[in-house]
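**Q**
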Amino acid sequence: MVLPTDFTLFGCLAALSPDQSHVIRHPRSREMEAKETSSRYATTALRQERDQMEPILEDVDAASNQWIQFPCFSEAGQILMEEMAQAVENELGVLLYASKTPSNVTRFISPKGNAEGSLILRAGKHRSKVDFAMGSWLRYDLPFGTLKVATLMIMASSESDAPHFLFEFIENGSSSLIVLLDLLPRKDVVLEPEYLKRFYENNELDSIRKSIERVPQSQSYSCASLYVRSLMSPTAILTKIQDWLPSGQRGEEALAYAVESIVLPTAKKVFSIWLDEFRNGSKEIMDDIDRRIMTKRDGQIKRYGIEVDLSANLPKLFGQRITDRVIAAYRNGQ
Amino acid sequence: MEACLAANAAIPSGAIHGRITRARICHIERRNRRTAVYVGHGTEFPELVGFSVRVHLQIALRRKSEFARTVFCRAPFINVTVGREAESGTRFPFLSNAGRKVMTNVSAIVENELCPLLQDTKTPDDVRYFKSEDGNAEGSTVIRAGKDSFQAEHELVKLIAWTVVTEEVTLVECLKLCSLLAERWDVSCGVLQIDFVLESWLHAKLPSGTLDIATIVVMLGPETDSPHFLFEFIQSGPSLVVVLDHVPRKDLVLDTDYQQRFYEAPGLDEIRKLFEEAPNSKPYISPTLFVRSIVSPTAVLYKLNAGTQVDGGGLEEQIETVVYSGSQKMTEAWIESFLTRGSSGCNLEDTLKRDNKIKTFGFEVDLSANLPRLFGKNIADRVVEAFRTGGRIKV
Numbered sequence: 001m002v003l004p005t006d007f008t009l010f011g012c013l014a015a016l017s018p019d020q021s022h023v024i025r026h027p028r029s030r031e032m033e034a035k036e037t038s039s040r041y042a043t044t045a046l047r048q049e050r051d052q053m054e055p056i057l058e059d060v061d062a063a064s065n066q067w068i069q070f071p072c073f074s075e076a077g078q079i080l081m082e083e084m085a086q087a088v089e090n091e092l093g094v095l096l097y098a099s100k101t102p103s104n105v106t107r108f109i110s111p112k113g114n115a116e117g118s119l120i121l122r123a124g125k126h127r128s129k130v131d132f133a134m135g136s137w138l139r140y141d142l143p144f145g146t147l148k149v150a151t152l153m154i155m156a157s158s159e160s161d162a163p164h165f166l167f168e169f170i171e172n173g174s175s176s177l178i179v180l181l182d183l184l185p186r187k188d189v190v191l192e193p194e195y196l197k198r199f200y201e202n203n204e205l206d207s208i209r210k211s212i213e214r215v216p217q218s219q220s221y222s223c224a225s226l227y228v229r230s231l232m233s234p235t236a237i238l239t240k241i242q243d244w245l246p247s248g249q250r251g252e253e254a255l256a257y258a259v260e261s262i263v264l265p266t267a268k269k270v271f272s273i274w275l276d277e278f279r280n281g282s283k284e285i286m287d288d289i290d291r292r293i294m295t296k297r298d299g300q301i302k303r304y305g306i307e308v309d310l311s312a313n314l315p316k317l318f319g320q321r322i323t324d325r326v327i328a329a330y331r332n333g334q
Numbered sequence: 001m002e003a004c005l006a007a008n009a010a011i012p013s014g015a016i017h018g019r020i021t022r023a024r025i026c027h028i029e030r031r032n033r034r035t036a037v038y039v040g041h042g043t044e045f046p047e048l049v050g051f052s053v054r055v056h057l058q059i060a061l062r063r064k065s066e067f068a069r070t071v072f073c074r075a076p077f078i079n080v081t082v083g084r085e086a087e088s089g090t091r092f093p094f095l096s097n098a099g100r101k102v103m104t105n106v107s108a109i110v111e112n113e114l115c116p117l118l119q120d121t122k123t124p125d126d127v128r129y130f131k132s133e134d135g136n137a138e139g140s141t142v143i144r145a146g147k148d149s150f151q152a153e154h155e156l157v158k159l160i161a162w163t164v165v166t167e168e169v170t171l172v173e174c175l176k177l178c179s180l181l182a183e184r185w186d187v188s189c190g191v192l193q194i195d196f197v198l199e200s201w202l203h204a205k206l207p208s209g210t211l212d213i214a215t216i217v218v219m220l221g222p223e224t225d226s227p228h229f230l231f232e233f234i235q236s237g238p239s240l241v242v243v244l245d246h247v248p249r250k251d252l253v254l255d256t257d258y259q260q261r262f263y264e265a266p267g268l269d270e271i272r273k274l275f276e277e278a279p280n281s282k283p284y285i286s287p288t289l290f291v292r293s294i295v296s297p298t299a300v301l302y303k304l305n306a307g308t309q310v311d312g313g314g315l316e317e318q319i320e321t322v323v324y325s326g327s328q329k330m331t332e333a334w335i336e337s338f339l340t341r342g343s344s345g346c347n348l349e350d351t352l353k354r355d356n357k358i359k360t361f362g363f364e365v366d367l368s369a370n371l372p373r374l375f376g377k378n379i380a381d382r383v384v385e386a387f388r389t390g391g392r393i394k395v
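These protein sequence lines are chains A and B, in that order.
For the first sequence, the UniProt record's numbering assigns the number 1 to the initial residue and increments by one for each residue that follows.
For the second sequence, the UniProt record's numbering assigns the number 1 to the initial residue and increments by one for each residue that follows.
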């Protein structure tokens with residue numbers, strides 16, 4: 001089974017309801033965590049145990065727990081994603097509720113055990129400029145190695161016209177990485193070049209993109225999905241990094257070095273530019289029609305991710321039941 | 001194989017032998033009870049290489065009320081009119097043979113399909129050809145506006161695509177042609193769709209080497225939502241930048257049907273991949289953010305290099321193979337979209353607004369980017385003025 005290596009999870013969003021107060025979260029005990037990480041193959045017994053656990057109200061202790069973890073990745077990859085997730089928490093935590101995503105969506109595994117995933121959503125607080133923050137990852141075993149896809153996305157709400165933030169990190173076995181890092185425009189920039197000026201021209205986004213382009217082991221990368229391509233801004237970073245260094249080093253160490261010294265600083269820089277724009281550069285849309293168009297556009301972004309990516313790819317890995325559950329978690333907040 | 005003719009080459013006289021390889025009705029004129037049908041332009045007249053050839057079929061037809069049942073056709077009179085290739089002189093004079101072949105091929109395809117919808121050019125002579133003061137740079141910009149409704153009123157019939165490979169157009173074929181006409185005679189005038197067709201080239205001798213830029217742009221009017229056509233061929237020294245695209249008229253994020261109709265269904269990404277997978281090809285990223293934003297997700301934006309071969313021999317080969325076939329495919333796909341996939345917009349004002357942005361911040365900026373430094377302000381202003389006033393639709 002050949003799966004597209006540009007499998008993107010960020011698009012797995014349909015209508016997201018910020019009101020998830022009726023959903024309660026199963027706490028995950030330490031034993032369960034240990035069992036899950038030690039065995040890639042969740043047994044039937046374990047699953048039944050999990051499903052039958054008594055639901056209790058969520059204990060809000062977000063400060064000490066990371067809101068999302070990335071256990072399947074390489075060491076450098078895990079540090080990268082968890083640091084970025086921590087940055088989201090640090091900067092936007094006050095605007096977000098704790099996650100209320102059900103535990104069988106925050107962690108799911110295929111019947112054969114060859115694929116595993118996680119999806120965690122955090123709704124933005126009422127009338128905040130954030131619609132939601134999303135973290136997710138997917139790992140699946142292919143004949144040539146394991147593919148791991150991690151996504152961090154912050155979807156801005158209709159309270160402002162700030163771009164969305166998208167970061168996707170893919171470990172292609174141990175031979176290459178793919179990085180997608182972008183501020184997704186909320187408007188048709190052809191019709192409104194002012195939007196382009198405000199968010200993309202008066203800052204370092206394009207010079208950051210150029211500097212990644214100049215990295216010798218990087219090559220340009222094209223999404224298979226035309227829709228995803230059309231969402232990207234003109235300063236999007238979309239690159240594949242090979243497992244070698246100019247010094248001659250190869251393999252996993254070369255990749256780890258690239259992650260630490262190129263990907264992480266770049267992701268942080270772009271995130272901080274986004275934060276600045278989100279806090280200071282964005283405006284509220286006063287015109288009703290414009291606002292409606294922007295909301296519709298955002299809806300298209302959420303919906304066509306699912307149609308293109310999730311519905312096409314998850315069933316092959318996890319079967320229809322898990323797929324439906326994950327998609328439902330978005331649509332109903334359940 | 002196409003030789004470039006000197007401006008005063010004589011048209012061969014006497015009997016000219018050849019054959020019509022494609023018969024396509026491209027223009028119909030009614031004079032009294034006779035109808036002239038302009039058919040063409042797939043022709044093979046070996047003696048006329050380098051000339052433009054138009055074949056006219058003159059057929060006498062009955063009045064339209066009787067068309068449904070009978071077609072009367074006298075022996076067709078086939079008249080071959082030979083003209084010189086483009087009044088403005090040899091096209092793309094400074095490109096290499098391979099480059100010229102590519103550009104004239106695309107130009108011919110566009111011209112063949114659109115000629116009945118276009119007015120003659122009104123571009124002033126000093127924009128159709130200009131030269132810098134120090135003589136190091138030369139250029140040409142020719143713009144043909146689309147016909148407006150008054151001019152095209154009763155002349156135009158919706159274009160019919162009909163391909164025929166024959167030894168000669170026999171009476172039988174002629175009858176077929178007539179019956180096709182009969183079916184469509186009542187069709188209302190073709191929707192006036194073209195804003196303008198622009199063809200331009202620039203040649204400059206710079207300290208770093210020569211720079212050649214050849215451009216073909218077709219911008220459409222708001223009556224249709226078919227994409228615009230953009231083709232740029234930029235050769236500087238051993239590298240070539242190719243920009244080839246169907247420029248979208250709508251926000252693709254909002255309108256997924258548009259993307260499906262014009263980009264997924266016609267399989268444009270396959271054409272883009274031809275360039276992506278060519279040896280020594282790298283993606284080309286326009287320095288202007290706006291130009292990056294106007295192109296489609298399947299745009300061909302690639303830089304081809306000569307590779308390690310001396311004297312750029314490798315590049316010529318690339319041009320002859322990859323660029324020639326890729327540009328031909330993309331152009332033919334654009335014609336197909338223009339003829340068959342467009343729909344008349346219900347939102348003329350919005351489309352017009354968006355097109356004006358593309359015209360001024362996209363094409364105009366692109367066209368005039370190099371002019372001031374190569375030709376000076378006067379010429380640059382002249383060319384921009386011609387561009388602004390040259391189309392059917394005024395900004």
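No residue lacks a Cβ here, since even glycine has one placed at the ideal position from N, Cα and C.
Owing to the predicted nature of the structure, the values given are computational and were not obtained by experimental measurement.
Locate the alpha helix (DSSP H) running through B:Leu-114, then write down its first and last residues.
**A** Taking the second sequence and counting its residues from 1, the one referred to as residue 114 of chain B is at position 114. Run containing B:Leu-114: 97 to 114, per the alpha helix (DSSP H) assignment.
**Q** DSSP has B:His-203 in a bridge; who is on the other side?
**A** The count along the second sequence starts at 1 and reaches residue 203 of chain B at position 203. Beta-bridge pairing links B:His-203 to B:Glu-138, B:Asp-212.
**Q** Taking A:Ser-110 as the reference, give the member of A:Ile-327, A:Ala-328, A:Lys-316 with the closest Cα.
**A** One-based indexing of the first sequence puts residue 110 of chain A at position 110. The candidate whose alpha carbon is nearest that of A:Ser-110 is A:Lys-316.
**Q** Quick check on B:Ile-393 - is its C-beta less than 8 Å from some C-beta in chain A?
**A** Counting from one through the second sequence, the residue named residue 393 of chain B turns up at place 393. B:Ile-393 does not count as touching chain A.
**Q** Looking at the C-beta of B:Leu-274, does it have a partner C-beta in chain A at a distance below 8 Å?
**A** Locating residue 274 of chain B in the second sequence gives position 274, counting from the first residue. Chain A contact via Cβ: absent.
**Q** Between which residues of its own chain and B:Lys-359 is the CB-CB distance below 7 Å, once the five residues before and five after are set aside?
**A** Translated into positions along the second sequence, residue 359 of chain B becomes position 359. Same-chain partners within the cutoff: Met-219, Val-395.
**Q** Quick one: measure Cβ to Cβ for A:Glu-171 and A:Leu-177, integer angstroms, because I've assumed they're closer than 8 Å.
**A** Residue mapping note: residue 171 of chain A aligns to position 171 of the first sequence, counting from 1. Residue mapping note: residue 177 of chain A aligns to position 177 of the first sequence, counting from 1. Correct: roughly 6 Å between the Cβ atoms.
**Q** Shorter than 8 Å from the beta carbon of A:Thr-295 to some beta carbon of chain B?
**A** For this step, residue 295 of chain A is matched to residue 295 along the first sequence. Answer no: the Cβ-Cβ gap between A:Thr-295 and chain B never drops below 8 Å.
**Q** Using CA atoms only, rank isn't needed, just tell me which of B:Lys-131, B:Leu-252, B:Met-330 is closest to B:Gly-106.
**A** Along the second sequence, read from residue 1 onward, the residue named residue 106 of chain B stands at position 106. Strictly speaking, residue 106 of chain B in this sequence is Val, with Gly absent from that position. Nearest option by C-alpha distance: B:Met-330.
**Q** Terminal residues of the continuous beta strand (DSSP E) containing A:Gln-219?
**A** By 1-based counting over the first sequence, the position of residue 219 of chain A is 219. First-last of the beta strand (DSSP E) with A:Gln-219: 218 to 220.
**Q** Does the beta carbon of B:Arg-144 come closer than 8 Å to any beta carbon on chain A?
**A** In the second sequence, residue 144 of chain B corresponds to position 144, counting from 1. No, because no Cβ of chain A sits closer than 8 Å to the Cβ of B:Arg-144.
**Q** Given a cut-off of 8 Å on the beta-carbon distance, is the pair B:Gln-193 and B:Gly-221 in contact?
**A** In the second sequence, residue 193 of chain B corresponds to position 193, counting from 1. In the second sequence, residue 221 of chain B corresponds to position 221, counting from 1. Yes, the Cβ-Cβ distance between B:Gln-193 and B:Gly-221 is below 8 Å.
**Q** Excluding the 5 residues flanking B:Ala-386 on each side, which residues of the same chain have their C-beta closer than 6 Å to its C-beta?
**A** Translated into the one-based positions of the second sequence, residue 386 of chain B becomes position 386. Hits under 6 Å: Thr-123, Val-127.
**Q** A:Ser-230 CB to nearest chain B CB: under 8 Å?
**A** The residue you call residue 230 of chain A lines up with position 230 of the first sequence. It does; some Cβ of chain B falls within 8 Å.
**Q** By the criterion of Cβ-Cβ separation under 8 Å, what are the contact partners of B:Lys-205 in chain A?
**A** For the purposes of this step, residue 205 of chain B is taken as the residue at position 205 of the second sequence. Neighbours of B:Lys-205 on chain A: none; closest Cβ ~29 Å, over 8 Å.
**Q** Taking Cβ positions only, does B:Ser-140 come closer than 8 Å to chain A?
**A** Along the second sequence, read from residue 1 onward, the residue named residue 140 of chain B stands at position 140. Judged by the 8 Å Cβ criterion, B:Ser-140 is not in contact with chain A.
**Q** Is there a Cβ from chain D that is less than 8 Å from the Cβ of A:Val-105?
**A** Considering every chain present, this structure includes no chain D. Its protein chains are A and B.
**Q** My understanding is that A:Ser-118 touches A:Ser-136, with C-beta atoms under 8 Å, so please give their C-beta distance in whole angstroms.
**A** The residue labelled residue 118 of chain A in the question sits at position 118 within the first sequence. The residue labelled residue 136 of chain A in the question sits at position 136 within the first sequence. The Cβ separation is near 6 Å, so the contact holds.
**Q** With respect to the alpha helix (DSSP H) encompassing B:Trp-334, which residues constitute its N-terminal and C-terminal limits?
**A** Taking the second sequence and counting its residues from 1, one reaches residue 334 of chain B at position 334. First-last of the alpha helix (DSSP H) with B:Trp-334: 324 to 336.
**Q** To the nearest angstrom, how far is it from the Cα of A:Leu-147 to the Cα of A:Glu-201?
**A** Residue numbering aside, residue 147 of chain A sits at position 147 when the first sequence is read from its first letter. Residue numbering aside, residue 201 of chain A sits at position 201 when the first sequence is read from its first letter. Taking the straight line joining both Cα atoms gives about 35 Å.
**Q** Along the stretch 176 to 197 of chain A, what residues have a CB closer than 7 Å to any CB found in chain B?
**A** From the stretch 176 to 197 of chain A, only Asp-188, Val-189, Val-190, Leu-191, Pro-193, Leu-196 have a Cβ closer than 7 Å to chain B.
**Q** For chain B, check one thing: does any of its Cβ atoms lie closer than 8 Å to the Cβ of A:Ser-160?
**A** Within the first sequence, numbered from 1, the residue matching residue 160 of chain A stands at position 160. Answer no: the Cβ-Cβ gap between A:Ser-160 and chain B never drops below 8 Å.
**Q** For the stretch 187 to 233 of chain A, list the beta strand (DSSP E) runs that are entirely contained and at least 3 residues long, ordered along the chain.
**A** Here the runs fully enclosed are 218 to 220.
**Q** Would you kindly check if the distance between the Cβ of A:Phe-70 and the Cβ of A:Glu-82 is under 8 Å?
**A** Against the first sequence, residue 82 of chain A aligns to sequence position 82. Against the first sequence, residue 70 of chain A aligns to sequence position 70. Yes, these two residues count as a Cβ contact at 8 Å.
**Q** Under a three-way DSSP split, which group does B:Leu-252 fall into?
**A** Your numbering for residue 252 of chain B matches position 252 in the second sequence. Coil at B:Leu-252, not helix or strand.
**Q** The stretch 351 to 374 of chain B: which residues have C-beta closer than 9 Å to a C-beta of chain A, in chain order?
**A** Of all residues in the stretch 351 to 374 of chain B, Lys-353, Arg-354, Lys-357, Ile-358, Phe-361, Gly-362 have a Cβ within less than 9 Å of some Cβ in chain A.
**Q** Less than 8 Å between the beta carbons of B:Glu-133 and B:His-203, yes or no?
**A** Working through the second sequence from its first residue, we reach residue 133 of chain B at position 133. Working through the second sequence from its first residue, we reach residue 203 of chain B at position 203. For B:Glu-133 and B:His-203, no; Cβs fall outside 8 Å.
**Q** Which whole-angstrom value is the C-beta distance of A:Ser-261 and A:Thr-239, which I expect to be below 8 Å?
**A** The sequence position of residue 261 of chain A within the first sequence is 261, counting from 1. The sequence position of residue 239 of chain A within the first sequence is 239, counting from 1. About 15 Å separates the two Cβ atoms, so there is no contact after all.
**Q** Please compile the residues from chain A whose C-beta is within a distance smaller than 8 Å of the C-beta of B:Val-243.
**A** Taking the first residue of the second sequence as position 1, residue 243 of chain B is located at position 243. Result: empty, since nearest Cβ-Cβ is about 15 Å, beyond 8 Å.
**Q** Provide the residue(s) that pair with B:Val-242 in DSSP beta bridges, ordered along the chain.
**A** Counting from one through the second sequence, the residue named residue 242 of chain B turns up at place 242. B:Phe-233, B:Tyr-302, per the DSSP bridge assignment.
**Q** Within this structure, are the beta carbons of B:Thr-288 and B:Val-384 separated by less than 8 Å?
**A** Position 288 of the second sequence, counting from 1, holds the residue named residue 288 of chain B. Position 384 of the second sequence, counting from 1, holds the residue named residue 384 of chain B. The answer is no: Cβ separation not under 8 Å.
**Q** Roughly how many angstroms separate the alpha carbons of A:Asp-288 and A:Arg-186, rounded to a whole number?
**A** Counting from one through the first sequence, the residue named residue 288 of chain A turns up at place 288. Counting from one through the first sequence, the residue named residue 186 of chain A turns up at place 186. Between A:Asp-288 and A:Arg-186, the C-alpha separation is close to 15 Å.
**Q** What's the C-alpha gap between A:Ile-273 and B:Asn-112?
**A** Looking up residue 273 of chain A in the first sequence gives position 273. Looking up residue 112 of chain B in the second sequence gives position 112. Taking the straight line joining both Cα atoms gives about 50 Å.
**Q** In the DSSP assignment, find the beta strand (DSSP E) that holds A:Ala-156 and state where it starts and stops.
**A** Along the first sequence, one-based indexing puts residue 156 of chain A at 156. Element bounds for A:Ala-156: 145 to 156.
**Q** Flag B:Ser-281 as yes if its beta-carbon sits less than 8 Å from any beta-carbon of chain A, otherwise no.
**A** To locate residue 281 of chain B, count along the second sequence from 1; it is residue 281. Chain A contact via Cβ: absent.
**Q** Give the DSSP-derived three-state secondary structure of B:Val-218 in the structure shown.
**A** As a working note, residue 218 of chain B is residue 218 in the second sequence. B:Val-218 falls in the strand class under three-state DSSP.
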